[in-house]
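Using numbering that gives the first Met the number 0, the first residue of the sequence shown is number 0, and each one after it goes up by one.
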Amino acid sequence: MPSPTDSPPPKASQAQILLRCFSYLRRHWKLTAGAYLMMLLIDTIATVNPQLIRWTIDNGISQFNPTMLSLAVGALLVLVILKGFFTYFEGLWTEITSQSVAYDIRNELQRKITQLSFSFHDQAEAGDLLSRTIQDVERVRFLTGRAMFRVIEGMFLMVITAGAMIWMNPKLGLLVIISMPLLIFQSIRFGRVFRPLSAQIQKQLAAVTTRVEQNLRGAQVVKTFAQEDAEIERFDLENKRLFDLSARSVRLQSLNMPLLNMIANLSSVAILWYGGALVINHQLTLGELVAFTTYVAQIVAPVRSLGMALPAITMAAASGERVFQILDTVPEVKENPDAREIAITKGHVVFDHVSFSYGRHSNVLKDLTFEALPNQVIALLGPTGSGKTTVINLIPRFYDPSSGQILIDGVDIHQATINSLRSQIGIVLQETTLFATSVRENIAFGKPGATQADIEAAAKAAQAHDFIMQMPEGYATEVGERGITLSGGQKQRVAIARALLTDPRILILDDATSSVDTETEHLIQLALERVMHGRTTFVIAHRLSTVQQADLIVLLDKGRMVAMGKHDELLNTSPLYQSIYHQQLKPKSGKGTGSLEKAEAMPSAADPKSIQKE
């Protein structure tokens, strides 16, 4: 699951995983203690009940004494009412506690997933993360609630019941107890087989969830290429694997429960045979025999609970392992303990002998050194795979250099807190990501406290205000999942407004006008010229106009900087720049300012898997 650049957590035993799951109960120890106190009281009543029944039969019914019978029935009624009262609070407190554990773990998972570096998300699949956050956490919740509660309650009830039976009649009690080792052996044997199977089921469930998520996200592509039948077949294959594993699990559980019941019920047969003989020989009263059979039934019930709970515990251990694997992953990009908040006042950026590689891959950037002075526009240019997108990903610390350092206003970015660094860098990516909320909230995403006036000013600067006002509810209009209700150009302009609202000192543009028509592109270029003024701007160059306006062009090839300078200078000194200019940038008849061919469009940082091609 973790990428090669993340530090994977050490392998833990099942006992360690379970103990860690139960450690979450410490935060809610009062409710947990209350629930277990109710359990003790309920089990105590369960132990007293057969004795009261024995007394009723021997001193009331057998002696034909209606007074004793009435007293006994009254006492039984009181115990029934008390047991109902205790059961209510036991169930209530147990459920609240387990739900609180799920709440805590899901919050930790969300916090961790959000904080993990890009290198983690390069390898992670959304469906798998969803499965861990929902399905796996739910199983851990059941473990800390009903599952373990049943186990402890069943074991406690078996112990005190066995003690009561031995106290009443040692021989008859031992006859029941000798079946206990068989029950324990079968339960342990079942757990050893069932745990690895549970892990496989969880993994396959994540694969099915991933397939559904990808089909939903790529529905338009599937339909465009008429691949509906192929996708249905692929899903059916994954679903069939899940079905086969689940069916195997059901077969194991279906065999386990009858076997446990059979072992437990053999004790009932032995009690009836041997106990009946003792009653006939006047060595045991009828009331004692009835009490014994009641105790045996009480032992059978916990056995059944154990039979249901042990598979749940085994599955929860597998789920807990998957959850803690995320929580224990050490991110590649992490904040130094002595990091401090910085204020970017100048926007002076220095790359000092920076190299970078993705995991074990060869270096994507090799010994890159250049300087961006305050207020300059830096154009990054080069063939596909030259490292342009990697450069802009290093500035806000989406990744960390393998060697070298990056300075902003003379401060190594490793010495700055990640939030203070990124909050002062505005980024507009080639692939726009919007959230399924209103236009206003999407623009204000990086600055939640922004006023309506500030939001509208940013939208106007991005040439977005007019089309927003034409929408049914203006800035309150919902844009749908991933901004599906907006055109590509509209989404791009909302993204530009989002970046401008934070008033960043450093601006990063990755072909920010790639999804707009010629007229809109012209308007956005005019807006960008205004907002770029007074900021240090890095632009991945795809257009001649961008290159010509740049204060500095950094020409990359295979991860190395092969040339640096202005347009006219490079046109006269760099063969590679001349080639790029004549093939991709030079104005052609009817082509306007010229642009890179679509085949040369750079992958976006919004798509971590495609970044690696850079």
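Ideal placement from N, C-alpha and C gives every residue a C-beta, glycine not left out.
Extent of the continuous beta strand (DSSP E) to which Met-170 belongs | Here residue 170 is taken as the residue at index 171 of the sequence shown, counted from 1. Note that residue 170 corresponds to Lys in the displayed sequence, not to Met. Here Lys-170 belongs to no beta strand (DSSP E); instead the alpha helix (DSSP H) covers 169-176.
What did DSSP end up calling Ser-385 once you bin it into helix, strand or coil?
-> The residue given as residue 385 occupies position 386 in the sequence shown. Reduced to three states, the DSSP call for Ser-385 is coil.
Check whether the Cβ atoms of Met-37 and Glu-89 sit closer than 8 Å, and answer yes or no.
-> Residue numbering aside, residue 37 sits at position 38 when the sequence shown is read from its first letter. Residue numbering aside, residue 89 sits at position 90 when the sequence shown is read from its first letter. Yes, the pair counts as a contact, with Cβ atoms nearer than the cut-off.
Looking at the unbroken beta strand (DSSP E) that takes in Phe-537, where does it start and where does it end?
-> Against the sequence shown, residue 537 aligns to sequence position 538. Element bounds for Phe-537: 535-539.
Taking contact to mean at least 3 C-beta pairs separated by less than 8 Å, is the segment 142-158 in contact with the segment 269-279?
-> no
Check whether Ile-312 and Leu-244 have beta carbons under 8 Å apart | Here residue 312 is taken as the residue at index 313 of the sequence shown, counted from 1. Here residue 244 is taken as the residue at index 245 of the sequence shown, counted from 1. Contact flag unset, no.
Quick check: the segment 388-408 against the segment 340-347, are there 3 or more CB pairs under 8 Å?
-> yes
Asn-571, enclosing alpha helix (DSSP H) - first and last residue | Taking the first residue of the sequence shown as 1, we reach residue 571 at position 572. It spans 566-572 - the alpha helix (DSSP H) in which Asn-571 sits, taken as one unbroken run.
Indicate whether the contact test is met: 3 or more Cβ pairs, each with one atom in the segment 61-81 and one in the segment 96-112, closer than 8 Å.
-> no
Between Ile-262 and Gln-297, what straight-line distance do the alpha-carbon atoms span, to the nearest angstrom?
-> Position 263 of the sequence shown holds residue 262. Position 298 of the sequence shown holds residue 297. Approximately 14 Å, taken between the alpha carbons.
Identify every run of the alpha helix (DSSP H) within the segment 468-501, keeping only runs that are complete inside it and at least 4 residues long; order them along the chain.
-> 487-500
When DSSP builds the beta bridges, which residues end up paired with Gly-162?
-> For this step, residue 162 is matched to residue 163 along the sequence shown. Gly-162 is not bridged to any residue.
Take Val-47 and list the residues in its own chain whose beta-carbon comes closer than 8 Å to its own, dropping the five residues that flank it on each side.
-> Stepping through the sequence shown from its first residue, residue 47 is reached at position 48. Answer for Val-47: Leu-78, listed in chain order.
Would DSSP call Ile-394 helix, strand or coil?
-> Looking up residue 394 in the sequence shown gives position 395. Correct three-state label for Ile-394: coil.
Helix, strand or coil for Ser-588 per DSSP?
-> Translated into the one-based positions of the sequence shown, residue 588 becomes position 589. Model confidence at Ser-588 stands at a pLDDT of 45, short of 50, so the residue's coordinates are unreliable; what they give is reported in the following sentence. If DSSP states are grouped into helix, strand and coil, Ser-588 belongs with coil.
Between which two residues does the beta strand (DSSP E) carrying Gly-425 extend?
-> Counting from 1 along the sequence shown, the entry for residue 425 is found at position 426. Gly-425 -> beta strand (DSSP E) spans 424-427.
So is Gln-62 buried or exposed if we call it buried at 16+ other beta carbons inside 10 Å?
-> Within the sequence shown, the letter at position 63 stands for residue 62. Gln-62 comes out exposed.
Kindly provide the ranges of any alpha helix (DSSP H) runs that are 4 or more residues long and lie completely inside the segment 55-117, ordered along the chain.
-> 65-114
Does the segment 391-402 touch the segment 455-468, meaning 3 or more C-beta pairs lie closer than 8 Å?
-> no
Indicate the three-state DSSP secondary structure (helix, strand or coil) for Glu-370 in the structure shown.
-> Translated into positions along the sequence shown, residue 370 becomes position 371. The answer is strand: DSSP assigns Glu-370 an E or B state.
Assign Val-249 to buried or exposed, taking buried as 16 or more other Cβ atoms, counted over all protein chains shown, within 10 Å of its Cβ.
-> Position 250 of the sequence shown, counting from 1, holds the residue named residue 249. It counts as exposed.
CB-CB length for Val-207 against Ile-377, believed under 8 Å = Numbered from 1 along the sequence shown, position 208 holds the residue referred to as residue 207. Numbered from 1 along the sequence shown, position 378 holds the residue referred to as residue 377. That belief does not hold up - the Cβ atoms of Val-207 and Ile-377 are roughly 46 Å apart, past 8 Å.
Cutoff 6 Å; reference Asp-502; Cβ partners in own chain excluding five residues on either side | Position 503 of the sequence shown, counted from the first residue, corresponds to residue 502. Around Asp-502: no qualifying Cβ.
Tell me whether the beta-carbon of Gly-533 lies closer than 8 Å to the beta-carbon of Arg-497.
-> On the sequence shown, position 534 is the one that residue 533 refers to. On the sequence shown, position 498 is the one that residue 497 refers to. The answer is no: Cβ separation not under 8 Å.
Distance between beta carbons of Thr-476 and Val-438, contact taken as under 8 Å | Taking the sequence shown and counting its residues from 1, one reaches residue 438 at position 439. Taking the sequence shown and counting its residues from 1, one reaches residue 476 at position 477. Sure, about 5 Å apart at Cβ, within 8 Å.
Let me know if Phe-141 comes out buried or exposed under the rule of 16 or more other beta-carbons within 10 Å of its beta-carbon.
-> Here the question's residue 141 lines up with position 142 in the sequence shown. Buried, by the Cβ-count rule.
For Glu-212, the nearest candidate out of Lys-202, Phe-234, Ala-229 and Ser-197 (CA to CA) = What you label residue 212 is simply residue 213 of the sequence shown in a count that begins at 1. Here the closest residue by C-alpha is Phe-234.
Is DSSP giving Asn-280 helix, strand or coil here?
-> Against the sequence shown, residue 280 aligns to sequence position 281. It is coil, neither helix nor strand.
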